[in-house]
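Take a look at the structure set out below.
Number of protein chains: 2
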Amino acid sequence: MFSKSCEYGLRAVIFIAQQSNIDEKVSLTVISEAIDSPQAFTAKILQQLTKNNVVKSLKGPSGGFYIEKTQMKLISLSDVVQVLDGNNIYTGCGLGLSQCNEEEPCPLHFKFIKIREDLKSMLQTTTLFMLAKDMKQTNFFLKV
Amino acid sequence: MFSKSCEYGLRAVIFIAQQSNIDEKVSLTVISEAIDSPQAFTAKILQQLTKNNVVKSLKGPSGGFYIEKTQMKLISLSDVVQVLDGNNIYTGCGLGLSQCNEEEPCPLHFKFIKIREDLKSMLQTTTLFMLAKDMKQTNFFLKV
DNA sequence: TTAATAAAGGACAATTATATCCTTTATTAA
DNA sequence: TTAATAAAGGATATAATTGTCCTTTATTAA
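These protein sequence lines map, in sequence, to chains Z and G.
With my numbering applied, the first sequence corresponds to residues 126 to 269, in that order.
With my numbering applied, the second sequence corresponds to residues 126 to 269, in that order.
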């Protein structure tokens, strides 16, 4: 479904949101430990997310990654996925055709529409704030 | 969503089904032209599908690939996907956790369930025969 | 029985995704 | 102002996926 980068990125962002929700910045070391991801690789992913304003970062001692509480309600899973995997998950053809639409559909085009719409809707409506709240109430896992 | 192998495989199988439905065997050359896929790579994919009895093949002149009409009603898209991409699409965690279930769920586990189920259902209920019929009635594309 | 045809299969090449290492830059606090 | 800290960034390595080439095997039809 998602690339490894996107999987790590989503896990990282959810963890950062959870921590930011209790006013804690987190370092790369802490993040990659919490989500069990390769540290240097996770650094690259976080750089992308920082450049695209999904997360904020501060260098130096007491630095780290965080998400502003006001932003948290505005950033959705979809934003994270867009940055790391582009919009292929929304627009890409299930059979890999470079163009596939109502006018020139592949044989599965119409069968995929509902599934795509549901996925899109879920990603777009789920904000980081909602997930941070969920993490408080329920024991969800970001690593095994 | 699917690997390139799986995309080519699905397109190939739909084309073979369409042709078998009018009692035509098709060669690798014809298939890869019809679905615009790299020929040698498509050969490998078809070998896998043949080994797993999704399609049948015959060597020599007047040989080629085909699907028996009786089988066509029994083989679903899900069978093709299972052979080429395994069952990761059904069981894999959206965030990439090696184990993720009702007891130890990732934060998105329950949000993905409906989407997964819908996809699974679509793939399992869509048979090659249905697609061959669809191809007769509607101008669907297997290449751009 | 032979020449032609077409799939099967092995070996290898190219590309992309994943992952690591090391240096540089910015920030903090002593 | 300096030493320590932590992210940013460049270069490179590894692994997986995608793709090609060439030989072998099976089958057909002349």
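In this text, a Cβ means the ideal position worked out from N, Cα and C, and glycines have one as well.
- Within chain Z, the residues whose beta carbon sits less than 8 Å from that of D243/G are K239, I240 and D243, listed in sequence order.
- In the three-state DSSP reduction, S162/Z falls in the coil class, being neither helix nor strand.
- When the five nearest sequence neighbours on each side are left out, the beta carbons in the same chain lying within less than 8 Å of the beta carbon of S201/G are those of L248, Q249, T250, T251, T252 and L253, in order along the chain.
- Using beta-carbon distances, M126/Z counts as an interface residue toward chain G, with a partner under 8 Å.
- At least one CB atom of chain G sits nearer than 8 Å to the CB of G219/Z.
- Three or more beta-carbon pairs separated by less than 8 Å are not found between the segment 216-236 of chain Z and the segment 164-177 of chain Z, which leaves the two stretches without contact.
- Here L199/Z is not near K150/Z, since their CB atoms are 8 Å or more apart.
- Listed along chain G, the residues sitting closer than 9 Å to M260/Z by beta-carbon distance are P232.
- Boundaries of the alpha helix (DSSP H) harbouring F254/G: L253 to Q262, taken from the DSSP string.
- In the three-state reduction of the DSSP assignment, G134/G falls in the helix class.
- Taking 8 Å as the upper bound for CB-CB distance, I160/Z and A137/Z are in contact here, some 6 Å apart.
- Close CB contacts of S152/G within its chain, under the 6 Å cut and outside five residues either way in sequence, are with G189 (chain order).
- Rounded to whole angstroms, the separation of the alpha carbons of P232/Z and M197/G is 16 Å.
- In the structure shown, V179/G falls within a coil segment according to DSSP collapsed to helix, strand and coil.
- Distances from the alpha-carbon of F265/G to those of A168/Z, L135/Z, E227/Z and A165/Z put E227/Z closest.
- Burial state of G185/Z is exposed, judged by a 10 Å Cβ sphere holding fewer than 16 other Cβ atoms.
- For T251/G, the nearest CB of chain Z lies under 8 Å from its own CB, placing it at the interface with that chain.
- Residues of chain G whose Cβ lies closer than 8 Å to the Cβ of F265/Z are, in chain order, P230, C231, P232 and H234.
- For S201/Z, the pairing in a beta bridge is given by DSSP as T252/Z.
- Residue contact with chain G for Q224/Z: present (Cβ-Cβ distance below 8 Å to some residue of chain G).
- Taking CB atoms only, M247/Z has a neighbour in chain G less than 8 Å away.
- Sorting K194/Z, T154/Z and I214/Z by C-alpha distance to the C-alpha of D148/Z places K194/Z at the top.
- A Cβ of chain Z is located within less than 8 Å of the beta carbon of I139/G.
- If you draw a 10 Å sphere on the C-beta of S246/G, you find fewer than 16 other C-beta atoms in it, and that means exposed.
- The Cβ-Cβ distance between L256/G and G134/G does not fall below 8 Å.
- Close to E227/G, with beta-carbon spacing below 8 Å, lies no residue of chain Z; the smallest spacing is near 12 Å.
- For T154/G, the closest C-alpha among the options S128/G, S187/G, E242/G and K261/G is that of S187/G.
- Counting the other Cβ atoms within 10 Å of the Cβ of K239/G gives fewer than 16, which makes it exposed.
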